[in-house]
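In this note's numbering, the protein residues as written are 5 to 56.
Inspection log for the structure reproduced underneath, given as structure tokens.
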Amino acid sequence: KAIICYLAIRRCLIAGVDVAKRLGYSTSAVSQAAKRGQQLFENDETLREILE
């Protein structure tokens, strides 16, 4: 969930409200997940190679 939220909001520039609606989460949950996702993404070289 965290990686999906991060990529959707920060990389695909989809509004957090829209991500929340699609995933069935609150906007604050999506925002917090995106922050966690950014840390996970930045610290996982294999994941970055796959998704970039």
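Beta carbons: idealized from backbone N, C-alpha and C, even for Gly.
Given the structure is predicted, the values throughout are model-derived calculations rather than measurements.
Within a Cβ cutoff of 8 Å, which residues of the same chain sit near residue i, ignoring the five residues on either side of it in sequence?
| i | result |
| --- | --- |
| residue 64 | The requested residue 64 does not occur in the structure, where the chain is confined to residues 5 to 56. |
| residue 27 | 5, 8, 9, 34 |
| residue 21 | 31 |
| residue 46 | 52 |
Judging by CA-CA distance, which residue of the options is the nearest neighbour of residue i?
| i | options | result |
| --- | --- | --- |
| residue 11 | 28, 32, 44 | 44 |
Can the beta-carbon of residue i be found closer than 9 Å to that of residue j?
| i | j | result |
| --- | --- | --- |
| residue 4 | residue 13 | Outside the shown range of the chain, which is 5 to 56, sits residue 4, and nothing can be said about it. |
| residue 6 | residue 40 | yes |
| residue 16 | residue 35 | no |
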